[in-house]
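Numbering (the numbering used here), first residue to last: 13 to 207. Don't be surprised by glycine CBs; every beta carbon is placed ideally from N, CA and C. Remember, it's a predicted structure, so these values are computed and weren't measured experimentally.
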Amino acid sequence: MKKLTSSLMATALIGTIALTSFTSVASASDSRRGPGARAAGPIHFVCAPRAAERIEIRLSYMAERIDLTEEQTPAFEAFKTALLDAQNGFASVCAEVKPDRSDRDTGLIERLNARQALISAQADALKSVLPSFENFFNTLSEEQKHQMRPHRARGPHRPHPGMMRNGPLASPHSGPDGGADAGPNADTDNMPAQG
Numbered sequence: 013m014k015k016l017t018s019s020l021m022a023t024a025l026i027g028t029i030a031l032t033s034f035t036s037v038a039s040a041s042d043s044r045r046g047p048g049a050r051a052a053g054p055i056h057f058v059c060a061p062r063a064a065e066r067i068e069i070r071l072s073y074m075a076e077r078i079d080l081t082e083e084q085t086p087a088f089e090a091f092k093t094a095l096l097d098a099q100n101g102f103a104s105v106c107a108e109v110k111p112d113r114s115d116r117d118t119g120l121i122e123r124l125n126a127r128q129a130l131i132s133a134q135a136d137a138l139k140s141v142l143p144s145f146e147n148f149f150n151t152l153s154e155e156q157k158h159q160m161r162p163h164r165a166r167g168p169h170r171p172h173p174g175m176m177r178n179g180p181l182a183s184p185h186s187g188p189d190g191g192a193d194a195g196p197n198a199d200t201d202n203m204p205a206q207g
């Protein structure tokens, strides 16, 4: 549950403060559906019609999980307002540069111009939100700040620490303690077999 909280907080704060980082606006994978094509991504989160609602839900969940005090609430509300205002401005840019899905010949120049507009909007959003976020963040206790730090998710595509020490992804030079590089002269009885 704590990992889910951290992921949601990281998404709500880091992701939406920066209002995502964009790798492409109208990439080829955006216009195709097939292996490797993604129907949604960071751009869809902040450009979606219900993006403001999603941000509000995540922020409400975050506020509940870190147990805001009465003294912290005004700073949180100012941050929330700034974030929603920034998202609104960002959504306007999204609407302006949204690629025409019926035109498969969107040129490179158009895509680069759209990307530049989104990156500029992202920088403007970050600039407008950062002061209120900093004010809010400075009201938090160390425990609350710790809860807001992003934690790496574990799952089928992310190895857990045991896999790196003694599991299938262990280095042939892992020492018996599972972490330090034991070097070539280490006791080989505790090392995984190489095959």
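### Task
Starting from the Cα of His143, find the closest Cα among Arg123, Ala90, Leu96 and Glu154 and give me that residue.
Here the sequence assigns Pro to residue 143, which means His is not the residue at that position. Comparing Cα positions, the closest option is Ala90.
### Task
Could you check the C-alpha separation between Arg86 and Glu155 for me, to the nearest Å?
Strictly speaking, residue 86 in this sequence is Pro, with Arg absent from that position. Rounded to whole angstroms, Pro86 to Glu155 spans 19 Å at the Cα level.
### Query
Exposed or buried, what is Ala135 when buried is set at 16 or more other beta-carbons lying within 10 Å of its beta-carbon?
exposed
### Query
Do you know whose CA, among Glu83, Leu80 and Leu95, lies nearest Glu65's CA?
Leu95
### Task
With distances taken Cα to Cα, identify the nearest neighbour of Glu122 among Val109, Glu83 and Ser104.
Val109
#### Entry: Anticipated Cβ contact below 8 Å, Ser72 with Ala98, distance rounded
Actually they are not in contact, since the Cβ atoms of Ser72 and Ala98 sit about 18 Å apart, beyond 8 Å.
### Message
Could you tell me the alpha carbon to alpha carbon distance between Ser132 and Ser104, rounded to whole angstroms?
### Response
13 Å
### Sequence ranges, alpha helix (DSSP H) only - wholly within the region 80-139, length at least 4
85-109
### Task
To the nearest angstrom, report how far apart Ala38 and Glu68 are at their CA atoms.
Below a pLDDT of 50, predicted positions are generally treated as unreliable, and Ala38, at 29, falls in that range; the measurement from the model is reported next regardless. Approximately 27 Å between the Cα atoms of the pair.
### Query
What span of residues does the alpha helix (DSSP H) with Arg66 cover, start to end?
Ala63 to Arg77
### Message
On a Cα-Cα basis, can you pick out the residue from Leu120, Lys157 and Gly101 that is closest to Val58?
### Response
Gly101
### Query
With C-beta atoms as the reference, is Glu76 less than 8 Å away from Thr151?
no
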